[in-house]
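Residues in the sequence shown are numbered consecutively from 49, following our numbering. Note that CB positions come from ideal geometry on N, CA and C, so glycine has one too. This structure is a prediction, so every number in the text was calculated from the model and none was measured. Input: a single structure, listed below in structure tokens.
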Amino acid sequence: MAFRAYGEVQQRTAGPKEIELSLFRQITEALEAVAAVETPPLEAWADALYRNQQLWTIVATDLVNPDNTLPEETKRNLVSLSQFVRQCSNRVLAGNDGIADLIDINKSIIAGLSGIPVSTVTEEAA
49 MAFRAYGEVQ
59 QRTAGPKEIE
69 LSLFRQITEA
79 LEAVAAVETP
89 PLEAWADALY
99 RNQQLWTIVA
109 TDLVNPDNTL
119 PEETKRNLVS
129 LSQFVRQCSN
139 RVLAGNDGIA
149 DLIDINKSII
159 AGLSGIPVST
169 VTEEAA
């Protein structure tokens with residue numbers, strides 16, 4: 049109950065960038081937790097992938113919104129990246145790929161939103 053109340057307060061006080069950053073961190077942590085286990089529980093594995101796909105769908109939807117003020121090239125690149133995430137997720141679901149690429153992509157986004165070099169974020173994972 050207290051956690052829910054804290055989440056509601058955070059939603060009212062955090063800006064869009066902070067919320068987006070928090071979501072990317074939470075979902076990336078879930079992907080990393082699944083990747084760290086040789087045979088993760090199917091429910092945790094599916095949930096992590098599903099949440100990541102949801103997040104990227106929301107990001108792509110926001111990017112094509114006419115009110116989005118990002119530069120056009122940035123929007124195009126991120127929409128393309130969201131399509132790659134969808135394709136990569138489908139390969140993972142088919143058993144043809146691991147989730148390392150998804151984790152790396154999310155970490156790059158986290159770095160960008162945080163204003164830190166991508167190499168710093170990926171080195172922390174090593």
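Worksheet item: Which residue from Arg124, Val85, Ala62 and Glu80 puts its Cα closest to that of Lys155?
Response: Glu80
Worksheet entry | Cβ separation of Leu150 and Asn100, assumed to be a contact under 8 Å, to the nearest whole Å | 6 Å
Worksheet entry | Reduced DSSP category for Ala148 - H, G, I as helix; E, B as strand; rest coil | helix
Worksheet item: Straight-line CA distance for Asp152 to Lys65?
Response: 20 Å
Fill in: Straight-line Cα distance separating Asp95 from Gly163
28 Å
Worksheet entry | Buried/exposed call for Leu126, threshold 16 Cβ in 10 Å | buried
Worksheet item: What's the gap between the Cα of Val107 and the Cα of Glu86?
Response: 30 Å
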